[in-house]
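First residue of the sequence shown: 5, per our numbering; consecutive thereafter.
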Amino acid sequence: MIVAVLWLLIALASLAMIFGLYLSQSARAMAISDTALQNEALVSASVELTAYQLTLAGSDTRPAQGTFHFRMDDANVDVTFTSEAARIDLNFASKDVLAALFAGLGASKDAANEVAERVVGWRSRPTPDSTDEEGARYAALGYSPRQSLFTHVNELALVAGLSPVLVDRALPFVTVFNGSSDIDATIAAPEVVAAFAKNSHANMAPFGGGIASPGGSLAAADPSASPKSAAPAAKSPCYRIAATIDFANGRRSTSEVVIALGDKREPYRLLSWQDDVEPAEARPVRRRS
């Protein structure tokens, strides 16, 4: 009888322990869920406020970049927004501009030209009377090239010949949302401006991609020339929004959203949303190898 009672007490104690662990895990899961919901709401607020500012400014006076801060729900939010014209569009940049970018990121001249050729091949559809050399090249890799426009910059990792290191270096400087072969040299990174400065004839290439002077002539490829005076500011309806959120519990998160501005009926469209993005200031400095 005593043995049976002891076994019953042991079973009850085990049940209580299991129930306690379940409650602990449930509370932790609910806390994580609450933080995720709070993060989504704060990022949405950042996007709404950015779209409101840009729409209020009007297309003629719309800033190419900006920053602001707000506090909501016991969290501090720092927001920066930048026109996608600050980045090279993988779908419209010329081969020469792409080659100059990859060379500036550490690839040798021959490797940079080869990689640029592969990028153009990935986005280009073969003509009916031509042999599909790109398709044959990728057959050995077990998949086919898209042979149409890039839908995401991460597709660079699928392009033949691009090393993971080169892809990682290129991602901060490229986009699929610029919608133009041009850039805004006043807000672009030095690596992007340098790629265009080395190709003053880029606008005459099949895919465009140069920096034109206000009078229509091409800017001189002089590294010492000021890009702010040598080129007009190309515009894009798309903006990249980075929201860095500091929660009351000490947690920090950074989300990156890309929107396309619209009209009064649809002020903006959401093109991309990525949470837990590495803050730009925390990214290691890329040195040429």
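In this text, a Cβ means the ideal position worked out from N, Cα and C, and glycines have one as well.
Beta-carbon proximity of residue i to residue j, cut-off 7 Å
{"i": "alanine 68", "j": "serine 50", "result": "no"}
{"i": "phenylalanine 154", "j": "arginine 127", "result": "yes"}
{"i": "asparagine 95", "j": "valine 157", "result": "no"}
{"i": "glycine 62", "j": "arginine 122", "result": "no"}
{"i": "aspartate 250", "j": "arginine 244", "result": "no"}
{"i": "valine 81", "j": "leucine 46", "result": "yes"}
{"i": "arginine 91", "j": "phenylalanine 177", "result": "yes"}
{"i": "proline 149", "j": "glutamate 138", "result": "yes"}
{"i": "aspartate 78", "j": "alanine 252", "result": "yes"}
{"i": "alanine 2", "j": "tyrosine 272", "result": "Residue coverage of the chain in this structure runs from 5 to 293, which leaves residue 2 outside it and unanswerable."}
{"i": "valine 124", "j": "phenylalanine 106", "result": "no"}
{"i": "valine 109", "j": "arginine 66", "result": "For the record, residue 109 in the displayed sequence is leucine; it is not valine. Going by C-beta atoms, leucine 109 is not nearer than 7 Å to arginine 66."}
{"i": "valine 83", "j": "alanine 193", "result": "no"}
Buried or exposed by the 16-neighbour rule on C-beta atoms within 10 Å, applied to residue i
{"i": "glutamate 282", "result": "exposed"}
{"i": "isoleucine 6", "result": "exposed"}
{"i": "alanine 234", "result": "Note that alanine 234 scores 45 on pLDDT, short of 50, meaning its location in the model is unreliable; the coordinates nonetheless yield the value given after this. Buried."}
{"i": "phenylalanine 200", "result": "buried"}
{"i": "leucine 274", "result": "exposed"}
{"i": "threonine 190", "result": "buried"}
{"i": "serine 152", "result": "exposed"}
Residue i to residue j span [Cα, whole Å]
{"i": "lysine 232", "j": "aspartate 188", "result": "Since pLDDT at lysine 232 reaches only 44, below the 50 mark, its modelled position is unreliable, and no value is offered."}
{"i": "serine 276", "j": "leucine 265", "result": "13 Å"}
{"i": "serine 167", "j": "serine 134", "result": "28 Å"}
{"i": "leucine 170", "j": "lysine 113", "result": "14 Å"}
{"i": "serine 185", "j": "threonine 39", "result": "40 Å"}
{"i": "threonine 71", "j": "phenylalanine 85", "result": "6 Å"}
{"i": "alanine 143", "j": "valine 101", "result": "28 Å"}
{"i": "alanine 140", "j": "alanine 115", "result": "20 Å"}
{"i": "alanine 238", "j": "lysine 202", "result": "18 Å"}
{"i": "histidine 73", "j": "glycine 146", "result": "48 Å"}
{"i": "aspartate 279", "j": "glutamate 260", "result": "6 Å"}
{"i": "threonine 59", "j": "cysteine 242", "result": "12 Å"}
{"i": "alanine 198", "j": "asparagine 43", "result": "37 Å"}
{"i": "serine 240", "j": "glutamine 57", "result": "16 Å"}
{"i": "threonine 258", "j": "alanine 111", "result": "30 Å"}
{"i": "glutamate 195", "j": "lysine 99", "result": "16 Å"}
{"i": "valine 323", "j": "leucine 175", "result": "Because the chain is modelled from 5 through 293, residue 323 falls outside the range shown and cannot be assessed."}
{"i": "methionine 76", "j": "valine 262", "result": "22 Å"}
{"i": "threonine 131", "j": "aspartate 64", "result": "40 Å"}
{"i": "serine 48", "j": "glycine 254", "result": "21 Å"}
{"i": "glutamate 52", "j": "alanine 161", "result": "32 Å"}
Range covered by the beta strand (DSSP E) that runs through residue i
{"i": "phenylalanine 106", "result": "Looking at the DSSP string, phenylalanine 106 is not in any beta strand (DSSP E); the run it does join, the alpha helix (DSSP H), is 99-108."}
{"i": "valine 261", "result": "256-265"}
{"i": "asparagine 80", "result": "79-87"}
{"i": "arginine 75", "result": "69-76"}
{"i": "arginine 129", "result": "Premise fails: arginine 129 is in no beta strand (DSSP E) and is neither H nor E."}
{"i": "leucine 274", "result": "272-278"}
For residue i, the first and last residue of its enclosing alpha helix (DSSP H)
{"i": "aspartate 250", "result": "Unbroken run through aspartate 250 is the beta strand (DSSP E), 242-250; no alpha helix (DSSP H)."}
{"i": "tyrosine 142", "result": "137-143"}
{"i": "leucine 170", "result": "168-174"}
{"i": "proline 194", "result": "194-201"}
Supposed close pair residue i, residue j - CB separation, criterion 8 Å
{"i": "alanine 103", "j": "asparagine 117", "result": "5 Å"}
{"i": "aspartate 267", "j": "glycine 183", "result": "The pair is not a contact, with the Cβ atoms about 17 Å apart (cut-off 8 Å)."}
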